[in-house]
Amino acid sequence: MRVALVSMYTTHHEETGATRRLRRTAELLAERDHEVTVLCAKWWDGEVVEFKQDGVTYHRVTDSPAVGGFASRVPFALREVSPDVIQVASYPPSHVTAVKTAARFLRTPVVADWWTRDERGGSRAYRRAAKAPNAVLVPSEMVRTQVRELGAAVDSTHLVPEPISMDLVRSADAEERADVVYARDLDEHANVESFLLALAELRDKDWSAVVIGDGPERSTAEQTARDLRIDDRVEFLGELSANEAVPIMKGAHVFAQTATVEPFATNLLWALACGCVSIVEYQARSSAHELVEGRERGSLVTSPQELADEIVAARRFDHETVDDDFAAYDFRRVIEQYESVYETERDDYGFF
1 MRVALVSMYT THHEETGATR RLRRTAELLA ERDHEVTVLC AKWWDGEVVE FKQDGVTYHR
61 VTDSPAVGGF ASRVPFALRE VSPDVIQVAS YPPSHVTAVK TAARFLRTPV VADWWTRDER
121 GGSRAYRRAA KAPNAVLVPS EMVRTQVREL GAAVDSTHLV PEPISMDLVR SADAEERADV
181 VYARDLDEHA NVESFLLALA ELRDKDWSAV VIGDGPERST AEQTARDLRI DDRVEFLGEL
241 SANEAVPIMK GAHVFAQTAT VEPFATNLLW ALACGCVSIV EYQARSSAHE LVEGRERGSL
301 VTSPQELADE IVAARRFDHE TVDDDFAAYD FRRVIEQYES VYETERDDYG FF
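Just so we're aligned, residue 1 is where the sequence shown starts under this note's numbering, counting upward by one.
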């Protein structure tokens with residue numbers, strides 16, 4: 001199948017949840033022998049129109065990110081690529097409607113991949129974008145609700161979560177680095193302070209903790225650990241690959257999730273698959289609670305004190321290193337969900 005993924009931004013322009021999801025989807029589709037082209041602003045050197053990396057063809061629409069210029073030129077790029085199905089990122093929202101207009105002439109279905117509502121997009125543009133595609137893919141029920149509130153039809157939204165590698169989870173050795181783990185990009189939404197405050201409540205207990213992740217708030221978090229006088233028991237490891245993080249999670253007993261914004265809590269999912277007892281601090285703009293609700297080895301809290309209490313209570317559970325309940329989130333299973341949506345939309349267009 002020829003699949004065109006339309007996104008002005010890629011991970012080469014900016015590292016966000018949306019661009020990482022785009023790259024992962026493109027590479028997984030390419031591994032399954034689909035012909036995948038990402039239509040984007042140019043990020044490579046030289047004058048070539050296309051650049052191939054990891055089995056994915058990146059096709060230049062504009063020389064640099066420019067919302068208006070990209071929207072006006074993407075129809076011509078789509079006609080040149082001639083895809084069987086088009087998937088478009090939800091930001092900028094004007095690109096969704098531009099792609100839909102072009103797709104009518106190409107007689108090609110449009111699927112929007114909706115990570116979250118970027119604050120840089122306008123409300124009216126997002127409402128038009130939610131109604132335009134043939135289908136909308138969302139990473140969580142929280143995001144599905146947001147899209148439906150913007151006007152997307154109930155039947156057109158499909159939950160497609162972020163994937164993990166269960167092969168890696170099963171094969172990795174456990175590394176006994178810490179009892180408690182926090183893992184996330186350390187940006188303004190990380191809320192590491194809540195995690196550290198909970199640990200400070202447990203000064204008289206025997207524990208060790210690690211923080212996995214990097215970002216602009218790392219130095220502030222490290223200072224908070226010093227101020228709370230727990231810096232000798234909390235190790236900041238920086239950004240780690242999944243190959244590096246999974247052994248640490250398998251060796252740990254508890255994973256804490258406190259971020260205030262999370263369209264999908266991928267690191268929490270890895271930890272759950274690694275058998276961690278996982279504690280989520282409920283946040284209105286985070287979907288993390290969806291992964292632990294109703295699970296014996298998961299709990300919800302609303303404050304650092306409650307988080308501290310649950311860390312202590314987690315000792316009642318045996319240590320585990322693999323939870324096969326999360327096999328449904330394996331890379332292979334998730335990419336099949338994308339393929340299923342593509343095929344259904346093509347079928348509606350009369351291709352099968």
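Note that the Cβ used here is the ideal one computed from N, Cα and C, for glycine as well. Owing to the predicted nature of the structure, the values given are computational and were not obtained by experimental measurement.
Note on Val210: 16 or more other CB atoms within 10 angstroms of its CB, so buried under the neighbour-count rule. For the options Asp179, Arg32, Ala4, Pro163, the alpha carbon positioned closest to that of Met249 is the one of Asp179. Between Arg2 and Glu162, the CB-CB gap reaches or exceeds 8 angstroms. Leu39 and Val67 do not touch by the CB rule: their CB atoms are close to 14 angstroms apart, not below 8 angstroms.
Judged by DSSP secondary structure, Ala4 falls within the beta strand (DSSP E) whose first and last residues are 2 to 6.
DSSP links Val88 through a beta bridge to Val6, Ala112. Thr37 places its beta carbon 8 angstroms or farther from that of His13. Separation of Glu262 and Ala288 (C-alpha to C-alpha, rounded to the nearest whole angstrom) is 7 angstroms.
In this structure, the alpha-carbon of Val61 lies about 45 angstroms from that of Gly298.
DSSP places Lys52 inside the beta strand (DSSP E), whose first and last residues are 50 to 53. In the structure shown, His189 adopts coil according to DSSP, grouped into three states. The shortest C-alpha to C-alpha distance from Ser208 to any of Val312, Gln223, Gln87 is the one to Val312.
If you draw a straight line from the Cα of His158 to the Cα of Pro65, it comes to about 29 angstroms.
Assignment of Asp330 by DSSP, reduced to helix, strand and coil, places it in the strand class. According to the DSSP assignment, Thr19 belongs to the alpha helix (DSSP H) that extends over 17 to 31. The way I'd put it, the segment 324 to 334 does touch the segment 265 to 280; three or more beta-carbon pairs between them come closer than 8 angstroms.
By the neighbour-count definition (other C-beta atoms within 10 Å, threshold 16), Asp84 is a buried residue. Nearest neighbour of Tyr126 by Cα position, chosen from Ala135, Pro139, Ser90, turns out to be Ser90. Counting every other CB atom within 10 Å of its CB across the protein chains shown gives Arg79 a total below 16, marking it as exposed.
Secondary structure of Val143 (DSSP, three-state): helix. Cβ-Cβ distances below 6 angstroms link Ile335 to Leu28 in the same chain, with the five nearest sequence neighbours on each side left out; the list follows chain order. The segment 131 to 147 makes contact with the segment 86 to 104, as at least three CB pairs between them are under 8 angstroms.
Excluding the 5 residues flanking it on each side, Phe264 has same chain C-beta neighbours closer than 7 angstroms at Pro139, Ser140, Pro161, Glu162, Ser287, in chain order.
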